[in-house]
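Participant:
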Amino acid sequence: MHKPKLVIFDMDGLMFDTERMGSRCHIQAAKEFGYTISEELSMSLIGGNMIRNTKILKEALGEDCPLDKIRERSGEYREVHFQEHGLGVKPGLVELLDYLKSEDIKMAIASSSGRAVIDRYLKMSSLEGRFDYIISGDMIHNSKPHPEIFLHVCEHFSVDVQDALVLEDSKNGIMAAHAGNIPVICVPDLIFHEREIFEMTTATVSSLFKVKELLQGIKPKVAIFDMDGLMFNTEWLCIEPLIKAHHDYGYPMTKEICHKLIGTSGKIAKEILVSEFGTDYPYETVDRHAFALLRKEIDTNGLPMKKGLIKLLERLKALNVACVIGSSSSSKTIEHYLEISNTRQYFKGIVGGDMVKASKPEPDVFIKACELFEVEPSQAIVLEDSKNGIIASNRAGIPVVCVPDLLMHDQGLLEQSEMFISDLGKLADILG
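The numbering of the sequence shown is my numbering, which starts it at 64 and goes up by one.
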């Protein structure tokens with residue numbers, strides 16, 4: 064990806080595993096004084112400075128709430144925790160700092176915590192002197208999600224916002240970076256964010272190790288594209304034809320059952336549907352009817368292409384990365400879609416569900432794609448939208464980038480992926 068001149072670190076939840084512990088201490092302290100801080104209220108405080116959070120707590124608990132005493136007691140609980148367990152440093156932090164230093168990239172902390180807290184945590188983690196600049200929540204007027212704290216850091220170094228990179232875990236921090244037009248990578252901590260927040264990020268990754276890998280650059284020899292839901296907006300289009308086809312034959316198909324089928328075909332899709340509708344379910348008959356309805360929809364209204372597809376394909380072409388389709392759809396369907404979308408020129412091969420023994424989540428499609436180009440799995444990358452595709456790529460031992468489509472996946476699937484991105488154009492920029 065574009066190498067930044069400056070990387071700005073949030074602290075709590077990003078560098079150190081303090082959010083969960085701090086939330087527990089705050090909730091317990093409030094309880095001792097007769098007040099209830101819910102998990103939801105506690106989560107809303109993440110990323111905010113003391114002024115902002117005091118206002119939120121006063122509104123929720125009342126003006127008479129003894130916040131100073133609650134904070135003091137919460138601090139005592141924190142001390143006990145630190146004495147018993149120490150300060151949890153997030154995996155990959157030290158390695159990322161070492162890499163940034165070796166590349167002469169400036170490093171800053173921009174945290175809503177007070178300066179005394181920041182200094183103490185750095186001392187406890189033996190990271191004193193590792194950062195070129197530190198700004199705390201008590202040094203600014205506007206707390207995150209306002210972009211002031213990040214913009215101040217950019218101004219300090221005279222670095223354009225597009226030459227900086229923010230690393231965040233919190234909703235408020237992501238919103239702040241986005242408001243300042245600063246690229247942001249999310250490393251989720253307590254909360255896996257909703258799609259609206261996810262779409263504000265350059266990428267979402269599972270750890271700071273993955274941030275280092277992104278900055279070092281992704282250089283595959285082969286890019287294996289899923290098709291439905293990844294290249295074309297066909298997963299959405301499939302739902303109504305699937306529901307109608309089943310209803311035409313008297314089967315109560317639902318959107319939830321449709322979601323289970325995403326990324327599958329053939330034997331595995333049949334097994335899912337037989338388990339839903341019984342052993343006498345006529346899979347081939349209903350499947351042909353659903354496909355005919357879908358084909359009619361596409362031939363009538365066109366094939367909707369996913370955002371950033373051509374940009375990514377052009378970028379891969381410029382990088383001499385071979386592109387291949389690895390889809391559970393039939394080879395005939397793949398060829399038809401590539402023809403009507405005018406994208407066949409970009410692909411040097413296709414592997415359809417009818418060309419292998421088992422469809423996703425089995426790895427057959429992806430393994431065959433690697434065999435076509437005689438590359439090791441580690442030399443390829445899979446681009447997927449579905450859970451079944453992520454599982455298949457893991458079984459094949461191939462790194463996978465997920466671009467969620469119908470469903471927004473969870474932390475567990477993120478940990479099985481190189482990253483989540485919201486559109487293919489962002490991957491083109493990362494590969495740049």
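Even glycine gets a Cβ: it sits at the ideal position worked out from N, Cα and C.
Could you name the residues of the same chain whose beta carbon sits closer than 8 Å to that of aspartate 473, not counting the 5 residues immediately before and after it, in chain order?
Facilitator: Within the sequence shown, numbered from 1, the residue matching residue 473 stands at position 410. Closer than 8 Å at the Cβ level, and outside the excluded window around aspartate 473, lie Phe255.
Participant: Please identify the residue among Phe261, Ala286, Ile302 whose C-alpha is closest to the C-alpha of glycine 389.
Facilitator: Counted from its first residue, the sequence shown places residue 389 at position 326. Selected option, being the one with the closest Cα: Ala286.
Participant: What separation, rounded to the nearest whole angstrom, lies between the Cα atoms of valine 387 and proline 208?
Facilitator: Here the question's residue 387 lines up with position 324 in the sequence shown. Here the question's residue 208 lines up with position 145 in the sequence shown. Approximately 41 Å, taken between the alpha carbons.
Participant: Are there 16 or more other CB atoms within 10 angstroms of the CB of aspartate 343, so buried, or fewer, so exposed?
Facilitator: Numbered from its first residue, the sequence shown carries residue 343 at position 280. By the 10 Å Cβ count, aspartate 343 comes out exposed.
Participant: How long is the line joining the alpha carbons of serine 328 and glutamate 425, rounded to whole angstroms?
Facilitator: As a working note, residue 328 is residue 265 in the sequence shown. As a working note, residue 425 is residue 362 in the sequence shown. Their backbone Cα atoms lie some 11 Å apart in a straight line.
Participant: With 16 other CB atoms within 10 Å as the buried threshold, where does serine 105 fall?
Facilitator: Walking along the sequence shown from the start, residue 105 turns up at place 42. Serine 105 should be labelled buried.
Participant: For a quick check, are the C-beta atoms of methionine 263 and isoleucine 245 less than 7 Å apart?
Facilitator: Taking the sequence shown and counting its residues from 1, one reaches residue 263 at position 200. Taking the sequence shown and counting its residues from 1, one reaches residue 245 at position 182. Not a contact, by the Cβ cut-off of 7 Å.
Participant: Cutting at 8 Å between CB atoms, please list the residues of its own chain near methionine 471, excluding the five before and the five after it.
Facilitator: Within the sequence shown, numbered from 1, the residue matching residue 471 stands at position 408. Here the set comprises Glu257, Arg258, Phe261.
Participant: Mark serine 338 as exposed unless 16 or more other C-beta atoms lie within 10 angstroms of its C-beta, in which case mark it buried.
Facilitator: Along the sequence shown, read from residue 1 onward, the residue named residue 338 stands at position 275. With fewer than 16 Cβ atoms within 10 Å of its Cβ, serine 338 is classed as exposed.
Participant: Determine the direct distance from the alpha carbon of leucine 293 to that of leucine 435, and round the result to whole angstroms.
Facilitator: Mapped onto the sequence shown, residue 435 falls at position 372. Mapped onto the sequence shown, residue 293 falls at position 230. In a straight line, the C-alpha of leucine 435 is about 21 Å away from that of leucine 293.
Participant: Can you look up methionine 170 in the DSSP assignment and give me helix, strand or coil?
Facilitator: Residue numbering aside, residue 170 sits at position 107 when the sequence shown is read from its first letter. Of the three classes helix, strand and coil, the one that applies to methionine 170 here is strand, per DSSP.
Participant: So serine 392 and methionine 316 are in contact, right, with Cβ under 8 Å, and what is the actual spacing, rounded?
Facilitator: Here the question's residue 392 lines up with position 329 in the sequence shown. Here the question's residue 316 lines up with position 253 in the sequence shown. In fact, because the Cβ distance is near 19 Å, the residues do not count as touching under 8 Å.
Participant: State the start and end residues of the unbroken alpha helix (DSSP H) segment that holds cysteine 433.
Facilitator: On the sequence shown, residue 433 is found 370 positions in, with the first residue counted as 1. Taken as a continuous stretch (DSSP letters only), the alpha helix (DSSP H) holding cysteine 433 covers 427-436.
Participant: Output yes or no for whether 7 Å exceeds the beta carbon distance between lysine 558 and glycine 460.
Facilitator: The structure shown does not extend to residue 558, since the chain is modelled only from 64 to 495, so the question has no answer here.
Participant: What is the C-beta distance between tyrosine 162 and lysine 275, in whole angstroms, given that I count them as a contact (C-beta under 8 Å)?
Facilitator: Your numbering for residue 162 matches position 99 in the sequence shown. Your numbering for residue 275 matches position 212 in the sequence shown. Right, the Cβ-Cβ distance comes to about 5 Å (below 8 Å), so this counts as a contact.
Participant: Quick one: which unbroken alpha helix (DSSP H) runs of 4-plus residues sit fully inside the region 406-480? Chain order, please.
Facilitator: 427-436, 450-459, 474-477
Participant: Could you tell me which residues DSSP pairs with alanine 385 in its beta bridges?
Facilitator: Along the sequence shown, read from residue 1 onward, the residue named residue 385 stands at position 322. Partner(s): Val285.
Participant: Please confirm if the region 360-376 is in contact with the region 472-488, defined as three or more CB-CB distances below 8 Å between the two stretches.
Facilitator: Enough Cβ pairs lie closer than 8 Å, so yes.
Participant: Express the C-alpha separation of lysine 380 and serine 174 in angstroms, rounding to a whole number.
Facilitator: To locate residue 174, count along the sequence shown from 1; it is residue 111. To locate residue 380, count along the sequence shown from 1; it is residue 317. Each residue's Cα considered, the two are about 41 Å apart.
Participant: Roughly how many angstroms separate the alpha carbons of leucine 47 and threonine 267, rounded to a whole number?
Facilitator: An answer regarding residue 47 cannot be provided, because it is not within the stretch 64 to 495 covered by the chain.
Participant: With a Cβ-Cβ cutoff of 7 Å, do aspartate 232 and glycine 341 count as a contact?
Facilitator: Your numbering for residue 232 matches position 169 in the sequence shown. Your numbering for residue 341 matches position 278 in the sequence shown. No, the Cβ-Cβ distance between aspartate 232 and glycine 341 is not below 7 Å.
Participant: Restricting to runs no shorter than 4 residues, where is the alpha helix (DSSP H) found entirely within the region 168-221?
Facilitator: Correct list: 178-187, 211-220.
Participant: What whole-angstrom Cβ distance do methionine 418 and serine 441 have, given they're in contact under 8 Å?
Facilitator: Locating residue 418 in the sequence shown gives position 355, where the first residue counts as 1. Locating residue 441 in the sequence shown gives position 378, where the first residue counts as 1. At roughly 23 Å, the Cβ-Cβ gap does not stay under 8 Å, so methionine 418 and serine 441 are not in contact.
Participant: Which one or two residues does DSSP pair with glutamate 231 in a beta bridge?
Facilitator: On the sequence shown, residue 231 is found 168 positions in, with the first residue counted as 1. Note: glutamate 231 sits in a beta bridge opposite Cys249.
Participant: Arginine 83: which of His241, Asp252, Glu142 sits nearest, CA to CA?
Facilitator: On the sequence shown, residue 83 is found 20 positions in, with the first residue counted as 1. Ranked by Cα distance from arginine 83, the first of His241, Asp252, Glu142 is Asp252.
Participant: Using the DSSP secondary-structure output, state which residues sit across from threonine 267 in a beta bridge.
Facilitator: Counted from its first residue, the sequence shown places residue 267 at position 204. Threonine 267 pairs with Cys249, Phe483.
Participant: In its own chain, which residues sit with a C-beta less than 7 Å from the C-beta of leucine 382, not counting the 5 before and 5 after it?
Facilitator: Taking the first residue of the sequence shown as 1, we reach residue 382 at position 319. If we look at leucine 382 and ignore the five residues flanking it on each side, its Cβ neighbours are Leu494.
Participant: If you follow the alpha helix (DSSP H) that isoleucine 331 is in, where does it begin and where does it stop?
Facilitator: The sequence position of residue 331 within the sequence shown is 268, counting from 1. Taken as a continuous stretch (DSSP letters only), the alpha helix (DSSP H) holding isoleucine 331 covers 329-340.
Participant: Looking only at C-alpha atoms, which of Glu158, Pro154, Arg87 sits nearest to isoleucine 133?
Facilitator: The residue labelled residue 133 in the question sits at position 70 within the sequence shown. Comparing Cα-Cα distances from isoleucine 133 to each of Glu158, Pro154, Arg87, the minimum goes to Arg87.
Participant: Is it true that the CB of proline 67 sits closer than 7 Å to the CB of leucine 300?
Facilitator: To locate residue 300, count along the sequence shown from 1; it is residue 237. To locate residue 67, count along the sequence shown from 1; it is residue 4. Going by C-beta atoms, leucine 300 is not nearer than 7 Å to proline 67.
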